[in-house]
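Residue numbers (my numbering), protein chains in the order written: chain A, 8 to 274; chain B, 965 to 1314. Just so it is clear, CB atoms sit at the ideal spot from N, CA and C, and this is done for glycine as well. Report on the following structure.
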Amino acid sequence: MERLDRALGEFRQMEELAVSDSPIHRLHPLAKFLTTVLYILIVVSYPKYALRAMPVMALFPILLYQIARIPLSLCFYRLRYILPLVCAVGLFNPFFDRTPAFQVGALTVTGGMISFLTLLCKGVLCLTASFLLVATTRFDALCAALRKLHVPSLLTNLLLLTYRYITVLMEEASAMTTAYHLRAPGQKGIHISAWGSFLGQLLLRSMDRAEDLFRAMQLRGWHGHFHYVDLPSFTARDAAYVCGGAALLALVRLVDIAGLVGSLLVR
Amino acid sequence: MHMADALLAPAVAATMYVCSGTAAGASVVKLRKDEATEKLPMMAVGAALVFAGQMINYTIPGTGSSGHLCGGMMLSALLGPQAGFLSMIIVLTIQCLFFADGGLLALGANIWNMAFYGCFVGYYLIWRPIMKSRLFSGMGERGAVRARIILASILGCVITLQLGAFSVVLETQLSGITELPFGAFVALMQPIHLAIGLIEGLITSAVLLFVYEARPERLMDVTPAAGEKHRFSLGTTVAILAVIAALVGGGLSLLASSHPDGLEWALFGNAEEGYAANMALDEEDFGVRSGAADAAANIQDHTAFLPDYALKGSDSPIGTTVSGLVGSLIVAGAAAGICLLGGFFRRRRR
């Protein structure tokens, strides 16, 4: 099925991006994780009319994408998931908030329009930040970093195992849907008569297999712990990245850069 | 129903993280106590399956559209609420990290809205009472269980989805993101999710029925141990369902009534105040005065090419000064420039 295959493609694309090499890729996963969270926090902490701060905040991901050599356009495709709800929530702002902000010719720009645009920008910026984190960090390294942050090992183990199983199961489901559609041409989805058996078959089969797998793992001496990827030590470079990033973000948050740049030209 | 980062104020996001984190911590503790590492592979497979299963389109008879699977309800029926909850957390985390469905900051809220209600409310208040009740016992042993599975799945999906959708509305409103009145937002979200819940419930019940036919021991609470005494009576079940229905229905009709102003005012104050309070911010003070700004004022006398130029109403509290506008345009231009340059160098490097 188209949707499954596309998701598989996206998965593999992320994996390929994560194993390439750049100064950002070489940073400690923990450093990247912390700065990403801080960046998102700062972005959403802006007031709802702070449209002018958004281009300044956009500079961070844009620069980092260039350093990491990842085309920015890659992450925009993912916007399709979050934009609908953001739009549904923000779309009404222009209708309800009619406080005039300023006028351009005959068009009165209202507070609602500004807050809607700000909301959209925030959505896009947060997405670029978390995309960059995953696109430059191997997943096992990310799990190891989470473990360092004292996330329970049960959860990180589960995360790693699920991550391994997902591609297998998606391939299986994709093959099954292809087979189904070849036998039922011209049908859009799964017919109601097969609703239960379709996923149920896959479910029972994979659960049985998982149990066998688990017994095999136990026989080989697995006792509930994974050995994570060898994390490089947290070097001065990583510390500098976190501190520098935090300082820059704080500066941008506290000082109205766009206003300053503008005031150089306009009085 | 995945919330994006932009829809949440940091304070709300943090609160939701604490709520979901507590539930996750309690689940981990419970599973450790039960020595449930045995369940780990099953949980991983369950999570992966929900992930794959949500991408399969099920044709809804009579319509052109398609529905998807309700993960929380299915996982807690198969694995139990704690294990199901942790599996759903993993599903949501991977969706957030790899598909940008949701966001890092909003993950706590998403876990609460989709996993917590689906697993804990869905299991303890709906699945278990119904499966252990004597409902439909006139239909023979198998028929009764089948009917209970269908009822529990549909009811579970509908109610947990309604709760989730209501939480989305509440979280967004508390974050001061939307200007949409509370009542209108609720009236927009709930009916949509009622329809979605019905369809998800049907699909979930179909899958669970199949599992029941093929491997009944896989389902929770379906084959209770012989001699178990404390069964829920029909009366308890009906009472619980009635309470839930009254709470949900009463709450919704109250909120969605045509005059929600009273409640809205009580909950949020007016939009501006609520917002500033939530964010702990003073909007008037956006952009702090600094020495740098004063120094820049001296330089600007020489550089300003648009002196004494102002737009009408530019001193409004919204804070859109002309300089801000021009400044952000310039920064945006610089950002676009960096993009173009980066692309240029990337191509050359190849």
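Would you decide whether P107 (chain A) is buried or exposed? Buried here means 16 or more other CB atoms lie within 10 Å of its CB. exposed
Endpoints, alpha helix (DSSP H) assigned at F109 (chain A): Per DSSP, F109 (chain A) belongs to no alpha helix (DSSP H); it is in the beta strand (DSSP E), P107 to V111.
Under the assumption that Y88 (chain A) contacts H966 (chain B) (Cβ atoms under 8 Å), give the Cβ distance between them as a whole number of angstroms. At roughly 7 Å, the Cβ-Cβ gap stays under 8 Å, so Y88 (chain A) and H966 (chain B) are in contact.
T174 (chain A), DSSP secondary structure in three states: Helix, per DSSP.
Note down, one range per segment and in chain order, each alpha helix (DSSP H) of at least 4 residues found wholly within the stretch 1109-1179 of chain B. Segments of the alpha helix (DSSP H) lying fully in the stretch 1109-1179 of chain B: 1146-1178.
DSSP three-state label for I121 (chain A), please. helix
At a Cβ threshold of 8 Å, is S1292 (chain B) touching chain A? yes
C-alpha distance - F1308 (chain B) paired with D28 (chain A), whole-angstrom precision: F1308 (chain B) and D28 (chain A) have their alpha carbons spaced roughly 19 Å apart.
Starting from I1054 (chain B), find everything on chain A with Cβ-Cβ shorter than 7 Å and list it in chain order. L165, L166 and T169
Using a Cβ-Cβ distance under 8 Å, would D245 (chain A) count as near chain B? no
Check whether the stretch 132-141 of chain A touches the stretch 65-82 of chain A, taking contact to mean three or more Cβ pairs, one atom from each stretch, closer than 8 Å. yes
Please check the pair V249 (chain A) and T42 (chain A), which I expect to be a contact at CB under 8 Å, by giving their CB distance rounded to whole angstroms. Contact check for V249 (chain A) and T42 (chain A): beta-carbon distance about 6 Å, within the 8 Å limit, so the pair qualifies.
Whole angstroms are fine: how far does the CA of V1009 (chain B) sit from the CA of R171 (chain A)? 10 Å
Give a yes or no on whether the C-beta atoms belonging to I1062 (chain B) and M177 (chain A) are separated by under 8 Å. The identity of residue 1062 (chain B) in the sequence shown is Phe, whereas the question assumes Ile. Not in contact: F1062 (chain B) and M177 (chain A) (Cβ atoms no closer than 8 Å).
Given that S213 (chain A) touches chain B, what residues does it touch there, using C-beta distances under 7 Å? V1009 and L1013
Beta carbons nearer than 9 Å to chain A: which residues of the stretch 1045-1079 of chain B have them? L1050, S1051, I1053, I1054, V1055, T1057, I1058, Q1059, C1060, L1061, F1062, F1063, A1064, D1065, G1066, G1067, L1068, L1069 and A1070
Which of the three DSSP states, helix, strand or coil, is assigned to V116 (chain A)? strand
List the residues of chain A whose Cβ lies closer than 7 Å to the Cβ of G1017 (chain B), in chain order. L206
Determine the chain B residues that contact V93 (chain A) at a beta-carbon separation under 8 Å, and present them in chain order. A968, A970 and L971
Just to make sure I have the definition right: I need the residues of chain B whose C-beta is within less than 8 Å of the C-beta of C133 (chain A). Which are they? Near C133 (chain A) (Cβ distances below 8 Å), the residues of chain B are A968, D969, A970, G1067, L1068 and L1069.
Using three-state DSSP, classify N1234 (chain B) as helix, strand or coil. Residue placement at N1234 (chain B) is poorly supported in this model, since its pLDDT is 40, which falls under 50; the coordinates still yield a value, given next. N1234 (chain B) falls in the coil class under three-state DSSP.
Would you please state the rounded distance, in angstroms, between the beta carbons of T1168 (chain B) and M1037 (chain B)? I believe it to be under 8 Å. 5 Å
Assigned secondary structure, T1023 (chain B) (DSSP; H/G/I helix, E/B strand, else coil): strand
Please state if the CB of G1048 (chain B) and the CB of G1120 (chain B) are separated by a distance shorter than 8 Å. no
Could you check whether the Cβ of F1 (chain A) sits closer than 8 Å to any Cβ belonging to chain B? Not covered by the structure: residue 1 (chain A). The range shown for chain A is 8 to 274.
For I1058 (chain B), the three-state DSSP class (helix, strand or coil): helix
Starting from Y1081 (chain B), find everything on chain A with Cβ-Cβ shorter than 7 Å and list it in chain order. Chain A residues near Y1081 (chain B): none, gap ~17 Å exceeds 7 Å.
For F1174 (chain B), go through chain D and note every residue whose CB falls closer than 7 Å to its CB, in chain order. Here the protein chains are A and B, and chain D is not one of them.
Looking at the structure shown, is Y1239 (chain B) part of a helix, part of a strand, or coil, going by DSSP? The pLDDT assigned to Y1239 (chain B) is 38, lower than 50, so where the model puts this residue is not dependable, and the model offers no usable value.
Can you check DSSP and say which residues form a bridge with I197 (chain A)? B:Y1022
Do you know how far the Cα of V268 (chain A) is from the Cα of V1290 (chain B)? 8 Å
What is the DSSP secondary structure of V992 (chain B), reduced to helix, strand or coil? Collapsing the DSSP output to three states places V992 (chain B) in a helix.
Continuous alpha helix (DSSP H) stretch holding G207 (chain A): start and end: Start and end: W202 to L226.
What does R1179 (chain B) touch in chain A if you count any residue whose Cβ is under 7 Å from its own? L211
Exposed or buried, which one is M1103 (chain B) when buried takes at least 16 other CB atoms within 10 Å? exposed
Just the Cα atoms here: how many angstroms apart are F146 (chain A) and V1055 (chain B)? 15 Å
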